[in-house]
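As they're listed, the protein sequences go chains A and B. When the letters of the first sequence are read in order and numbered with this note's numbering, they come out as residues 1 to 307. When the letters of the second sequence are read in order and numbered with this note's numbering, they come out as residues 308 to 579. For reference, the structure discussed in these notes is given below.
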Amino acid sequence: MRKAFIAALVELAEQDPRIVFLTGDLGYLAVEPFAERFPKRFYNVGVAEQNMMGLATGLAEGGMIPFVYSIAPFAILRPYEFFRNGPVQHRLPVRVVGVGGGFEYGPNGFSHYALEDIALMRAQPGVTVVVPADHVQAGNALRVTAGLPGPVYFRLGKDDKTTVPDLNGRFYLGRAQLVVPGDDLLFVALGTAVQQAVAAANVLETHGIDAAIALVDNLTDAHPENLTGLLARYGCVITVEAHYLNGGVGSLVCEIVATEGLDCRVVRCGVARLESGVSGSEAYMLDQHGLSASKLVEKALSVVGST
Amino acid sequence: MAGRRGHTMDPRRIRRIIIEQSHRVHVGHIGCALSVADLIAALYGGVLRIDDPDDADRDRFVMSKGHAALALYAALYLKGWLTQRQLDTFCADGTLLGVHPEEALTGVDFATGSLGHGLSIAAGSALAARLQGSRRRAFALLSDAECNEGSVWEAAMFSAHHRLSNLVAVIDLNGQQALGHTKDVLDLSPLANRWREFGWNVIEEDAVESGSAERIAARLNEIDTSTGPPTVLIAKTRFGKGVSFMEDRIKWHYWPMSDDEYTQALLELDAS
């Protein structure tokens with residue numbers, strides 16, 4: 001996803017001399033195409049994320065469009081106050097690129113996981129949060145959001161191969177997408193978690209359950225305009241996200257169900273609490289937290305069986 | 308542009324506004340604002356190239372020690388960018404002139420209030436100017452205790468490494484912070500050497516004696532902002548300067564004035 005994103009960014013930067021790229025000394029084998037094509041607009045600022053976000057604020061106020069790049073928790077958590085008081089408060093077109101959503105940095109452990117990034121970024125008014133589901137969509141999402149006047153956060157996965165069937169990179173600002181139709185229940189998945197939901201839906205079909213899947217690939221402080229209508233059509237909704245249970249898509253769906261008065265049961269699949277110090281591969285961690293396809297199938301069967 | 312050659316803003320007028328406004332609304336941060344009055348008078352009177360606060364190619368100024376914003380408001384008023392009516396909304400309900408500056412107010416380039424942000428932001432401003440081939444410059448006014456923040460030194464390293472010659476930091480060295488003297492809380496000395504070792508061009512200037520604003524402006528205008536490393540001007544200031552019972556007294560970091568103190572303060576300012 002990083003390679004596709006950087007490739008799209010190089011294309012944009014060919015047309016737009018305002019684009020400048022800052023990295024906190026990360027992005028080996030990913031950011032080189034930009035650095036080589038635009039050496040004067042590429043800054044490795046060193047391991048100093050607060051300064052990176054402050055620089056981006058000054059650059060953007062001065063008419064540039066800075067992209068700040070790091071592993072997701074370093075891109076967001078260390079300079080969070082700089083982000084809030086800078087690009088958010090001044091409504092500036094700073095692009096924060098956080099690599100590795102959820103457990104993507106697997107064996108690197110807790111310090112490298114991004115499990116609260118969506119909650120933190122969506123809490124800030126005027127910020128567009130983009131969570132591409134695959135690498136094709138990542139490039140397109142960058143192009144679609146290029147003209148936004150305010151801050152954008154991209155949660156980029158590391159997978160440069162897998163694609164979501166039939167998505168073909170489509171991306172619509174302010175809307176969720178129904179990527180798989182179905183009648184019996186609705187999965188609402190955040191970004192790449194849609195892949196586990198698709199695999200689960202395929203298994204559920206063999207059990208005679210017709211599961212639909214909605215993809216949430218962008219969020220703001222407002223609700224996606226079509227999500228209420230989608231939720232209203234299902235009596236049972238299962239949210240799926242590599243994120244803490246609080247503040248992500250599960251919370252978003254509950255907000256909509258409650259405020260719109262929908263008659264819909266919501267089951268949230270996400271990370272409740274980490275076992276202290278335990279790490280493992282992404283697949284292992286997802287399974288441990290009920291987010292693998294097989295665990296989603298178990299959950300769906302128990303939910304449908306109980307209604 | 309008359310101000311570019313000679314200093315034209317009277318710091319005594321800034322001090323009077325600080326005293327009047329902070330008494331009117333009964334707020335503190337008086338000593339900090341008085342401490343920077345000469346520095347602000349120098350910058351706005353004779354250094355910053357700002358023909359129009361909306362000009363995209365103006366010099367940028369970051370009031371990194373945002374809690375002294377009242378001194379900045381006074382300068383914006385004296386420049387004619389704020390009306391008396393606006394100034395009189397200081398700390399009123401619904402105002403844009405809070406204790407800390409907001410960029411929504413004309414003349415304020417960046418909102419501040421949390422220490423340690425301003426030098427990075429000014430470095431970004433300076434870098435934008437370089438990338439755009441502009442001669443505009445970026446200035447940041449920092450408190451001495453603000454140098455406790457690690458982010459200040461991140462910005463210092465970056466700016467020196469990239470030789471941001473169009474970046475100027477001014478440090479208000481009054482030796483005090485919220486709960487005590489800087490030498491007791493977290494000793495900064497030798498401050499000039501620290502900046503020098505970080506690769507900055509360092510200027511030290513006394514801003515306690517009379518005529519400080521003119522001297523500071525002159526020193527700032529001597530800086531070559533087209534080549535070489537970034538510059539820091541470390542200005543030895545006096546906390547609460549101009550009001551005898553506030554000078555070098557920690558309590559005036561937060562304390563508001565009584566009516567008697569206000570009368571006394573005005574008498575002293577008028578006599579100066």
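Beta carbons: idealized from backbone N, C-alpha and C, even for Gly.
- Inter-residue distance for Ile-65(A) and Glu-327(B) is about 42 Å (C-alpha atoms, whole angstroms).
- The shortest C-alpha to C-alpha distance from His-407(B) to any of Ala-476(B), His-374(B) and Gln-483(B) is the one to His-374(B).
- Chain order gives the chain A residues near Ala-418(B) as Asn-85, Gln-89 and His-90, where near means a beta carbon separation below 8 Å.
- With contacts defined as CB atoms closer than 8 Å, Val-266(A) and Val-249(A) fail to qualify as a contacting pair.
- Residue burial annotation: Gln-484(B) is buried, with at least 16 other C-beta atoms found within 10 angstroms of its C-beta.
- Nearest CB-CB separation between Ala-189(A) and chain B: not below the 8 Å threshold.
- Scanning its chain for C-beta atoms nearer than 6 Å, with the 5 sequence neighbours on each side dropped, one finds around Leu-230(A) the residues Ala-214, in chain order.
- Apart from the 5 residues on each side of it in sequence, Gly-102(A) sits with its Cβ closer than 6 Å to the Cβ of Ala-242 in its chain, given in chain order.
- Here Gln-15(A) is exposed, its C-beta having fewer than 16 other C-beta atoms within 10 Å.
- Residues of chain B whose Cβ lies closer than 7 Å to the Cβ of Leu-59(A) are, in chain order, Gly-431, Leu-434 and Ala-435.
- Contacts between Ile-357(B) and chain A, judged by CB atoms closer than 9 Å, are missing: the closest CB pair is about 14 Å apart.
- Contacts with chain B at 8 Å (Cβ-Cβ) do not include Glu-14(A).
- Residues of the same chain with a CB within less than 6 Å of the CB of Ala-525(B), apart from the 5 flanking positions on each side, do not exist.
- Using a Cβ-Cβ cut-off of 9 Å, Val-20(A) is close to Leu-434, Ala-435 and Leu-438 of chain B, given in chain order.
- Taking CB atoms only, Ser-565(B) has no neighbour in chain A less than 8 Å away.
- With respect to Val-20(A), Arg-41(A) sits close: the two C-beta atoms are nearer than 8 Å.
- Neighbours of Ala-56(A) in chain B, taken as residues whose beta carbon is under 7 Å from its own, are Gly-431 in chain order.
- Contact annotation for Ser-458(B) against chain A: Ala-48, Gln-50, Asn-51, Gly-54, Pro-79 and Phe-82 [CB-CB distance below 9 Å, chain order].
- Chain B places a beta carbon closer than 8 Å to that of Met-64(A), counting this residue as a contact.
- In summary, no residue of the segment 525-547 of chain B has a CB separated from any CB of chain A by less than 9 Å.
- Across the structure, Tyr-43(A) and Ala-35(A) are spaced so that their CA atoms are roughly 8 Å apart.
- In this chain, the alpha helix (DSSP H) harbouring Phe-83(A) covers 80-83.
- Comparing alpha carbon positions, the residue from Asp-160(A), Asp-159(A) and Val-198(A) closest to Leu-178(A) is Val-198(A).
- Identification of chain A residues near Ser-472(B) by a Cβ-Cβ cut-off of 7 Å yields none; the smallest Cβ-Cβ distance measures about 16 Å.
- Asp-359(B) and Val-539(B) have their C-alpha atoms some 26 Å from each other.
- Bounds of the beta strand (DSSP E) holding Leu-186(A) are 185-190.
- Boundaries of the beta strand (DSSP E) harbouring Glu-511(B): 508-513, taken from the DSSP string.
- DSSP, reduced to helix, strand and coil, places Lys-299(A) within a helical segment of the structure shown.
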